[in-house]
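In my numbering, the protein residues as written are 2 to 324.
Glycine included, C-beta positions come from ideal geometry on N, C-alpha and C.
Just below is one structure, and these are the notes that go with it.
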Ligand SMILES: [Mn+2]
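Here it is, written out as structure tokens:
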């Protein structure tokens, strides 16, 4: 079994766009859907439409629940929100999506911005300058501690994991990005490998919590963990469910998101490790460049890096005698 290449996508791609994805030989979508379409009727119809293009939903994500501030910060209405999240997990199960994304960052990914950057040859890409990010005011009503974040995560797992088990769905947990102790006054949950181990231990015997390994986060700060050893460990333990394959120009306190071939890391070596360790889950490039409306917008911008990833994967497999 080979690694399954997936594409970041959204609900409601046109037939031309789906045909374009099929032509790329990509069969899995990490599909973002907003709550107004997160119901069985719409999603079953969407899954049926995708199937005509030989495409399946590998990871279903709903932004308001994936990074839900009420649940993460433990606000008074969190039980209602967790019930909605659980409804979304059941929906994923009903339409055959094996993963639901979650990231314990109530204010999203922190970047200084998305702008034409030199490492992208003028392409519009995300970049982070920690001096600027750390100078911002706090993002919420107050500062939230590490203890609170773990308590709230544990509370969420207790309610969500049994639903996952029943639905046959796994939670794919993405790290906090950038991987620093705190962002916007909220302590981060996952910014070192040991935090993943702690989170997985909280899940106990349940296999319904998995690692969505964002290679970009490991590269943004090498202190995150030993990437090669972590790939081996999480894969050996059956905990690695999904990968964001992304390179960056350098390490904190400043980086730009780059194409695979342009960043500081040797992405061929990293991909080789995934293949060597037997990873056969889902992998996508992470964020694309900004793209151009007349050339397919975001989907157009993802086509080249996805093709590059497929090409590199084939090369690794030939090299290892697997193809
Ligand atoms: Mn990522």
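Worksheet item: Where residue 170 and residue 295 are concerned, what is the direct C-alpha to C-alpha distance, given to the nearest angstrom?
Response: Residue 170 sits at position 169 when you count from the first residue of the chain shown. Residue 295 sits at position 294 when you count from the first residue of the chain shown. Their backbone Cα atoms lie some 37 Å apart in a straight line.
Worksheet item: Which one of 206, 196, 181 has the shortest CA to CA distance from residue 174?
Response: Translated into positions along the chain shown, residue 174 becomes position 173. Taking each of 206, 196, 181 in turn and checking the Cα distance to residue 174, the smallest one comes out for 196.
Worksheet item: Quick one: what's got a C-beta closer than 7 Å to residue 79's C-beta in the same chain, skipping five residues either side?
Response: Sequence index remark: in the chain shown, residue 79 carries index 78 (1-based). Only 71, 72 meet the Cβ criterion.
Fill in: Close Cβ partners of residue 123 (< 8 Å) along its chain, the five nearest in sequence each way excluded
Looking up residue 123 in the chain shown gives position 122. Within the same chain, 117 come within 8 Å of residue 123 by CB-CB distance, once the 5 residues on both sides are set aside.
Discussion item. According to DSSP, simplified to helix, strand and coil, what is residue 312?
Written reply: By one-based count along the chain shown, residue 312 stands at place 311. DSSP places residue 312 in helix when its eight states are reduced to three.
Discussion item. In this structure, how does DSSP classify residue 280 when only helix, strand and coil are distinguished?
Written reply: Numbered from 1 along the chain shown, position 279 holds the residue referred to as residue 280. Reduced to three states, the DSSP call for residue 280 is coil.
Practice prompt. For ligand 1, list every residue whose C-beta falls under 5 Å from any of its heavy atoms, going in chain order.
Written response: For ligand 1, the residues with a Cβ under 5 Å from any of its heavy atoms are, in chain order, 215, 245, 287.
Worksheet item: Using 8 Å as the Cβ pair cut-off and three pairs as the minimum, do the stretch 247-266 and the stretch 77-96 touch?
Response: Contact fails between the stretch 247-266 and the stretch 77-96, because fewer than three Cβ pairs, one in each stretch, are under 8 Å apart.
Worksheet item: How would you write the range of the alpha helix (DSSP H) that residue 87 sits in, first residue to last?
Response: One-based indexing of the chain shown puts residue 87 at position 86. Its alpha helix (DSSP H) spans residues 79-95.
Worksheet item: From residue 321 to residue 281, what does the alpha carbon distance come to, in whole angstroms?
Response: As a working note, residue 321 is residue 320 in the chain shown. As a working note, residue 281 is residue 280 in the chain shown. Going from the Cα of residue 321 to the Cα of residue 281 covers about 15 Å.
Worksheet item: How many angstroms separate the CA atom of residue 243 from the CA atom of residue 121?
Response: One-based indexing of the chain shown puts residue 243 at position 242. One-based indexing of the chain shown puts residue 121 at position 120. A straight-line Cα-Cα distance of about 25 Å links residue 243 and residue 121.
Fill in: Cβ separation of residue 154 and residue 201, assumed to be a contact under 8 Å, to the nearest whole Å
On the chain shown, residue 154 is found 153 positions in, with the first residue counted as 1. On the chain shown, residue 201 is found 200 positions in, with the first residue counted as 1. With a Cβ gap of about 12 Å, residue 154 and residue 201 do not count as contacting.
Discussion item. Just to confirm the assignment: which complete beta strand (DSSP E) runs, minimum length 3, are found wholly within the stretch 143-180?
Written reply: With a minimum length of 3 residues, the continuous beta strand (DSSP E) runs that stay inside the stretch 143-180 are 171-175.
Worksheet item: Short check: CB of residue 184 to CB of residue 108, under 9 Å?
Response: By one-based count along the chain shown, residue 184 stands at place 183. By one-based count along the chain shown, residue 108 stands at place 107. Residue 108 is positioned such that its CB atom lies closer than 9 Å to that of residue 184.
Item to complete: Can you tell me the Cβ-Cβ gap for residue 165 and residue 209, rounded? I've got them flagged as a contact below 8 Å.
Response: In the chain shown, the residue the question calls residue 165 occupies position 164. In the chain shown, the residue the question calls residue 209 occupies position 208. Contact holds; Cβ gap of about 4 Å.
Worksheet item: With DSSP run on the structure shown, which of helix, strand or coil describes residue 51?
Response: As a first step, residue 51 is located in the chain shown; it is residue number 50 there, counting from the start. Of the three classes helix, strand and coil, the one that applies to residue 51 here is helix, per DSSP.
Practice prompt. Would you mind working out which of 266, 75, 65, 299 sits nearest residue 144, comparing C-alpha positions?
Written response: Counting from one through the chain shown, the residue named residue 144 turns up at place 143. Checking every option, the nearest Cα to that of residue 144 belongs to 75.
Item to complete: Give a yes or no on whether the C-beta atoms belonging to residue 308 and residue 25 are separated by under 9 Å.
Response: Indexing the chain shown from 1 puts residue 308 at position 307. Indexing the chain shown from 1 puts residue 25 at position 24. In this structure, the beta-carbon distance from residue 308 to residue 25 falls below 9 Å.
Worksheet item: For the stretch 193-223, which segments carrying the alpha helix (DSSP H) assignment without a break, of at least 4 residues, lie completely within its bounds, in sequence order?
Response: The stretch 193-223 is shown to contain whole alpha helix (DSSP H) runs of 4 or more residues at 194-203, 216-221, in chain order.
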